[in-house]
Structures are given as C-alpha cells and as structure tokens.
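The sequence shown begins at 7 in the numbering used here and counts up one residue at a time. Idealized CB from N, CA, C, for every residue including glycine. Below: one structure, written as structure tokens.
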Amino acid sequence: MGINIMALEAQDLSAAVAIWNQVVDDGVAFPQLEPLTEESGRQFFAEQSFTGAAVGEDGAVLGLYILHPNNVGRCGHICNASYAVHTNARGQHVGEALVRHCLQKGRELGFRILQFNAVVASNTPALRLYEKLGFTRLGTIPGGFLMKDGHYEDIVLHYHLL
Numbered sequence: 007m008g009i010n011i012m013a014l015e016a017q018d019l020s021a022a023v024a025i026w027n028q029v030v031d032d033g034v035a036f037p038q039l040e041p042l043t044e045e046s047g048r049q050f051f052a053e054q055s056f057t058g059a060a061v062g063e064d065g066a067v068l069g070l071y072i073l074h075p076n077n078v079g080r081c082g083h084i085c086n087a088s089y090a091v092h093t094n095a096r097g098q099h100v101g102e103a104l105v106r107h108c109l110q111k112g113r114e115l116g117f118r119i120l121q122f123n124a125v126v127a128s129n130t131p132a133l134r135l136y137e138k139l140g141f142t143r144l145g146t147i148p149g150g151f152l153m154k155d156g157h158y159e160d161i162v163l164h165y166h167l168l
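Laid out in structure tokens, this is it:
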C-alpha cells in the first residue's frame, strides 16, 4: 500500500476529525472525552507544531498525527505526539509510517527528544511499534488511564532521542 504523509490540508479536515473522533470514542488510547467538531478540529490541528496526514493512493486519509512541545521554556526542546489510524487501515503499517515521519519532522522543527506521556499498557500494537523503532521505556504509572468502561489501566512512558 502506498502511503504519502504530508501536512494536513483543508480538504482533509473532515476525514481527520472523523479519524480522531474514532479513537476518542473507542476510549482506550486518547485521554480526551469529547469529540472534535469541524470547527474545534480546525483550531486544534492548527495549534499544533505540525499535523501530518497519511494519505493512501486513492486520496483517502488513513491516519494522522499531531506534534507539539511537551512543555515550555527550558523543557521546550522535548516534543510530544499523538497518532490516530482509521479503523479500516489498522495493521497496514500506517501507524509506523506516521511515527517515522513524526521523528523526522520533530528533528526538522528543532526538537531534541520525543516523549510519550501516556501509552496505555494494553495497547500492545503501539508498544511493539515503539520498541521496534528504538524508543526507550521510562516506566509505568499504575492506573494512569481511565478506560471507557470505567476501569483503570497502567500507562507506559517512552522517549526517543531525535
């Protein structure tokens, strides 16, 4: 499958919002509780340092990522990212393409470290991917994520030097 990753464009906003909202609605990976609207999505994605979209050969948006500082000032060289892949495109290496692009884009933007604050411990595909791509596991926060069904899962923190 051919995947092209580029900056999110206006014509892809609706698809990006829908994919983001799928992950929010699943309630097992993103901390947000409320879905984005078209307007809040436009603003949210524009506020990021970079929003990338994975587009298939047919022009369909398969996934996206957001990249932004993890903190400010003296810690502003550390970035954070979130990835969302359309349910129909999972298992097709879209997430890997997004993470690889994000690592490169983070370097281009002058960040020195990419840090993940909250990878849910039951998100096995993400954990395997981050290990494959050379992320360092920092540790686990017990019960750090409230799942949609009301139980708490551990979260695993990671970083990657850029």
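Each residue's CA atom was taken as its position, placing residue 26 and residue 134 some 21 Å apart.
Under the Cβ criterion (8 Å, minimum of three pairs), the stretch 30 to 46 does not count as touching the stretch 60 to 70. Runs of the beta strand (DSSP E) lying entirely within the stretch 16 to 90, each at least 3 residues long, are 56 to 62 and 67 to 75 in chain order.
Nearest neighbour of residue 56 by Cα position, chosen from 158, 45, 104 and 29, turns out to be 104. In the DSSP assignment, residue 135 falls within the unbroken alpha helix (DSSP H) covering 130 to 138.
Annotated three-state conformation of residue 98 is coil, per DSSP. Remark: C-beta atoms of residue 77 and residue 120 do not approach each other more closely than 9 Å.
Only residues of its own chain outside the window of five on either side were considered, and among them 22, 51, 57, 58, 59 and 70 have a CB closer than 8 Å to the CB of residue 14, listed in chain order. Residue 132 and residue 29 have their alpha carbons spaced roughly 13 Å apart.
Using a Cβ distance threshold of 9 Å, residue 72 and residue 98 do not count as a contacting pair. Counted as a single uninterrupted DSSP element, the beta strand (DSSP E) harbouring residue 160 occupies residues 158 to 167. Following the DSSP letters along the chain, one finds residue 93 in no beta strand (DSSP E), marked with neither H nor E.
A distance below 9 Å separates the beta carbons of residue 145 and residue 163. Shown here for residue 93: same chain residues with a beta carbon closer than 7 Å to its own, the five before and five after excluded, namely 28 in chain order. By the C-beta density criterion, residue 101 is buried, having at least 16 other C-beta atoms within 10 angstroms.
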